[in-house]
Amino acid sequence: MSFNLLIVEDEPLVAKRLSRLSAEILDDKLSAQHSAPDVATARSLINAHSIDLILLDLNLVGSDGFDLLKEFTAKAAHTIIVSAETNRALEAFEFGVLDFVPKPFTRERLAKALGRFWKPEFTDAPATSQIAFEANGGIDVVSTSDILYFRGADKYSEAMLKNGSIKFHTKSLNRLEDILSAGFVRSHKSYLVQCSAIKSLRSLEGSRYELDLSDGNSLPIGRTRVNHVRHALANNDSACGGP
Amino acid sequence: MNMRLIITLLLLIAAPSAQAVSLIASGNDGSQSYAKSPGALATDPSWQPYSAFLKTDEAQFWYSLKIIVRHDAGEIVSNPLAMSVRLNGVYDFYWDDDLIGSNKYQGKSANQFSRVLIPVSGLSEGEHQLKIHVSALGMRAGESSDLRVLIAPVLSNFLGVHPTVVSTFFIATAALFLAGYLIVVRRAGRHRPGTTAAIFLSITISLVVLLEEGRHFFAYPYSWQPMMDVLQPPFALLFFALLPWFILTRIKFPNRLWWMAIAPISVALSLIEIGAVEQHIRAFFIVSAALFIISLVGWRRGNNTAKLFAVGLGIAFIALLLDPVKGHFFLIVITVMVASDLALDIQRQSKDAVRLQIMSERLRADLIKRNVQPHFLMNSLTALMEWVETSPEDAVHFIDGLAQEFRILADFSDRRSVSLKEELSLCSIHMALMSQRLTSNLKLETDGIIADQQVPPALFHTLIENAFSHNDYRALEARFNLIQETTADGILFRLSVPVVNPRESGQNAGLGTRYIEARLEEFCGNAFRFQSQMIGSNWVSEITFEKV
Chain A
76 MSFNLLIVED EPLVAKRLSR LSAEILDDKL SAQHSAPDVA TARSLINAHS IDLILLDLNL
136 VGSDGFDLLK EFTAKAAHTI IVSAETNRAL EAFEFGVLDF VPKPFTRERL AKALGRFWKP
196 EFTDAPATSQ IAFEANGGID VVSTSDILYF RGADKYSEAM LKNGSIKFHT KSLNRLEDIL
256 SAGFVRSHKS YLVQCSAIKS LRSLEGSRYE LDLSDGNSLP IGRTRVNHVR HALANNDSAC
316 GGP
Chain B
7 MNMRLIITLL LLIAAPSAQA VSLIASGNDG SQSYAKSPGA LATDPSWQPY SAFLKTDEAQ
67 FWYSLKIIVR HDAGEIVSNP LAMSVRLNGV YDFYWDDDLI GSNKYQGKSA NQFSRVLIPV
127 SGLSEGEHQL KIHVSALGMR AGESSDLRVL IAPVLSNFLG VHPTVVSTFF IATAALFLAG
187 YLIVVRRAGR HRPGTTAAIF LSITISLVVL LEEGRHFFAY PYSWQPMMDV LQPPFALLFF
247 ALLPWFILTR IKFPNRLWWM AIAPISVALS LIEIGAVEQH IRAFFIVSAA LFIISLVGWR
307 RGNNTAKLFA VGLGIAFIAL LLDPVKGHFF LIVITVMVAS DLALDIQRQS KDAVRLQIMS
367 ERLRADLIKR NVQPHFLMNS LTALMEWVET SPEDAVHFID GLAQEFRILA DFSDRRSVSL
427 KEELSLCSIH MALMSQRLTS NLKLETDGII ADQQVPPALF HTLIENAFSH NDYRALEARF
487 NLIQETTADG ILFRLSVPVV NPRESGQNAG LGTRYIEARL EEFCGNAFRF QSQMIGSNWV
547 SEITFEKV
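From first to last, the protein sequence lines stand for chains A and B. Residue numbers are given in this note's numbering: position 192 of the first sequence equals residue 267, and the series is strictly consecutive. Residue numbers are given in this note's numbering: position 294 of the second sequence equals residue 300, and the series is strictly consecutive.
Shown next, in the form of structure tokens:
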């Protein structure tokens, strides 16, 4: 699987290093690589190309790191932060970034971060606790604890919130599963459910299963995922998408 | 000594005591001298002066008085009787032929004012004889001995001195102490507005009082008295000029020179005959009333110093009404008021100094922190990693520059000022590093620079760092420009940097600006101006060290 990479970095030498090392590490997996020295250029590149992964510097000249974090994690692409501000790592992980690479970085460290695109590992990373949604030209940030479940909709997703509202997210369900592996369980190819929102697992006629949710609704469980869901519910916090 | 204690002390001294005896003066044998009639003793216990005009400067006189002591029924005499003596000469007092008092001065001088006590043992009922032997020592022929003897209240025998002496001592000492302290304060570089006026005002108060009342303290040749009498008016006038000047300066009253008309008007009004009030007391009244009104205006405008003066002058005004010792209490209040105001101001200044010290430590920490500022350091190290792997010569060159910058910043961190030459060296090194990192060609040009000029450390370095934070200088050839000018206001520095793709956060915001302002305050107090604005395509920062 090849993909498009976007490097958002205003330091020429750092951008050059990211570009060179990424090309070496990804080799033929990399179908295209783009570089943006500022947010405006990054936005236009994201709109023009199907970007899969963004390497983002949080300290772009004139930009607020928190705003950058919200804006770019709301995109369809996965985000890896490459920054000198290691004190923002926790905040970054809470917004669901794949990894946080502190500057200066070695080839090995960057390779490890890029590898998470294919195999997310969250053995030591804080769980995602907030999800940013693009909405009306701005960004809405929602706590993951306020979300009942995500429903897959083509390349995108819809989040069903406990208050009954629905929010649209540009990330696919698979990418959301990558960053929401703690606290959520993939019960169906089209559903990613908050563990704490599940009241019970109910078997129906014809070897079908459903999840009864705390809001009174029910969601189907994929046949191949029943054991995974049972295991997750039995172990709740740790197994429900946990490590 | 607090005010309550001072007031209590003065009241105790001034309080009339019960008279254990009645004195009746019955005669003397000195030519042209006479005693007061006994009938007026109850309302005015003084005798009229004994006047003896000297025929030669070796003259000696004997006065002899017959005194009848009468006790009230059942009265037990427990206090000696005090007599206040004024004399231009040397005296011996004998009570029933026993020596009871002498000013004991030999040579050419003597105390003009002193006191003699008639012991309790000598105050038995009946007739007694008081003899006074006067040697007109130091006087010239034709002058008067001017002997005056008054019954003095027993309770006024405070440490054996007259109340006037106590208040004189207090005012003179307090005012001189204040002046001395303020001189030390001024020499220590903690000069406050009005300090100089307060020094001269304090010295003037002490001199006015000492010239008027110093004869109670010191023995000096009689020939000095005319000179001291001549010196009194100029110092009194100085007082009437300095007090308004001090108060107007302290409350920062506008048009001070115009308001100084208070001084001559006060003195002029005091010369007009109104009732029996002494001229200098009337002048005190007028000047303190005028300054009281000015202080009230300042107080109304929210000036705390004016509030203190309004209260102080109000008390001084009341003191004039109540003062038993001719304006001494007024001068005490004025002295205390001046001292209190400056003490409070110095206290505020001390707090400011502590705050500045804390600020200085914080600035030092900021400068050290800048050495390891993550954005600069980590991006530089990342760039270095890239050069090490792709262009080792560039890496070596960059490391050398980085080391120089860190070395200078480490040196600057312990200093409150550096020479402009050192500052510009730091700026140039930083610009060279950034040029290499941003693949640009950026230079700092200077004009009119005085290399020895002292400036706060990392002042322009911070402005240049700000420029890099807020502009996009990648792959660019640009010139920064620093000009030094001497203007009528002081020394002006103008740093002009090109604006390239400016950021929304603005050029004049953030930590850098606060660091500069704090450094400037530490360096020259409030005597600086710092402003930045867009001029053409450049962002221009102007820093002025104002003339003090």
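Heads up, the beta-carbon is just placed ideally off N, CA and C, and yes, glycines get one too.
Tell me the rounded alpha-carbon separation between residue i and residue j.
| i | j | result |
| --- | --- | --- |
| Ser431 (chain B) | Ser386 (chain B) | 20 Å |
| Ser271 (chain A) | Phe243 (chain A) | 21 Å |
| Glu451 (chain B) | Cys433 (chain B) | 11 Å |
| Ala371 (chain B) | Ser419 (chain B) | 8 Å |
| Gly128 (chain B) | Phe336 (chain B) | 40 Å |
| Ala180 (chain B) | Tyr69 (chain B) | 41 Å |
| Ala228 (chain A) | Arg261 (chain A) | 15 Å |
| Glu166 (chain A) | Asp139 (chain A) | 13 Å |
| Ala149 (chain A) | Pro87 (chain A) | 26 Å |
| Lys104 (chain A) | Ala123 (chain A) | 20 Å |
| Ser278 (chain A) | Arg191 (chain A) | 36 Å |
| Pro112 (chain A) | Ala481 (chain B) | 12 Å |
| Pro201 (chain A) | Gln353 (chain B) | 52 Å |
| Gly113 (chain B) | Gly220 (chain B) | Any reading at Gly113 (chain B) is ruled out, since the residue's pLDDT is 43, under 50, leaving its predicted position unreliable. |
| Ser220 (chain A) | Thr203 (chain A) | 10 Å |
| Ile241 (chain A) | Ile364 (chain B) | 53 Å |
| Leu237 (chain B) | Leu243 (chain B) | 10 Å |
| Ile177 (chain B) | Arg262 (chain B) | 28 Å |
| Lys313 (chain B) | Gly304 (chain B) | 7 Å |
Is any heavy atom in the ligand PLP found nearer than 7 Å to the beta carbon of residue i?
| i | result |
| --- | --- |
| Ala267 (chain B) | Among the ligands in the structure shown, none appear at all, so the ligand PLP cannot be discussed. |
Applying the criterion that 16 or more other CB atoms from any shown protein chain within 10 Å of the CB defines a buried residue, is residue i buried or exposed?
| i | result |
| --- | --- |
| Val215 (chain B) | buried |
| Pro462 (chain B) | buried |
| Pro125 (chain B) | exposed |
| Asp102 (chain A) | exposed |
| Glu84 (chain A) | buried |
| Asp174 (chain A) | buried |
| Arg557 (chain B) | Because chain B in this structure spans residues 7 to 554, residue 557 (chain B) falls outside the shown range and cannot be described. |
| Glu491 (chain B) | exposed |
| Ile206 (chain A) | buried |
| Gly132 (chain B) | exposed |
| Trp264 (chain B) | exposed |
| Asp351 (chain B) | buried |
Quick one, are the C-beta atoms of residue i and residue j less than 8 Å apart?
| i | j | result |
| --- | --- | --- |
| Pro508 (chain B) | Ala484 (chain B) | no |
| Ile211 (chain B) | Phe245 (chain B) | yes |
| Gln379 (chain B) | Phe404 (chain B) | no |
| His263 (chain A) | Gly297 (chain A) | yes |
| Phe529 (chain B) | Ile549 (chain B) | no |
| Leu275 (chain B) | Ile300 (chain B) | no |
| Tyr231 (chain A) | Thr245 (chain A) | yes |
| Tyr266 (chain A) | Arg226 (chain A) | yes |
| Leu185 (chain A) | Ile129 (chain A) | no |
| Phe298 (chain B) | Phe323 (chain B) | yes |
Give the DSSP bridge partners of residue i, in chain order.
| i | result |
| --- | --- |
| Phe208 (chain A) | A:Asp215 |
| Ile497 (chain B) | B:Thr492 and B:Phe551 |
| Asn487 (chain B) | B:Glu451 and B:Ser502 |
| Tyr97 (chain B) | B:Val140 |
| Asp406 (chain B) | Partner(s): none; Asp406 (chain B) has no beta bridge. |
| Thr154 (chain A) | A:Ile129 |
| Phe67 (chain B) | B:Val140 |
| Gln460 (chain B) | B:Ser425 |
| Tyr224 (chain A) | A:Met235 and A:Val268 |
| Asn79 (chain A) | A:Ala107 |
| Ile241 (chain A) | A:Met235 |
| Tyr521 (chain B) | DSSP, once it has assigned bridges, lists no residue as partnering Tyr521 (chain B). |
| Ser275 (chain A) | A:Asp287 |
| Glu395 (chain B) | Paired residues: none, contrary to the question. |
| Lys72 (chain B) | B:Gln135 |
For the stretch 237-263 of chain A, which residues have a beta carbon sitting closer than 9 Å to at least one beta carbon of chain B?
Listed by position along the chain: nothing, the set is empty.
The stretch 84-112 of chain A: positions lying closer than 8 Å to chain B by Cβ
Asp85, Glu86, Pro87, Leu88, Val89, Lys91, Arg92, Arg95 and Pro112
Using a Cβ cut-off of 9 Å, which residues of the stretch 470-498 of chain B contact any Cβ in chain A, in chain order?
Here the close residues are Phe474, Ser475, His476, Asn477, Asp478, Arg480 and Ala481.
Interface residues of the stretch 371-396 of chain B facing chain A [CB-CB below 7 Å]:
Pro380, His381, Met384, Asn385, Leu387, Thr388, Ala389, Met391 and Glu392
Chain-ordered residues of the stretch 145-167 of chain A with a beta carbon less than 7 Å from chain B
Ala159 and Glu160
At a CB distance below 8 Å, what residues from the stretch 170-204 of chain A approach chain B? Give them in sequence order.
Using a CB distance below 8 Å, the part of the stretch 170-204 of chain A facing chain B consists of Pro177, Lys178, Pro179, Phe180 and Thr181, ordered along the chain.
Taking only beta carbons into account, state which residues of the stretch 412-446 of chain B come closer than 8 Å to chain A, listed in chain order.
Result list: Arg443, Leu444 and Thr445.
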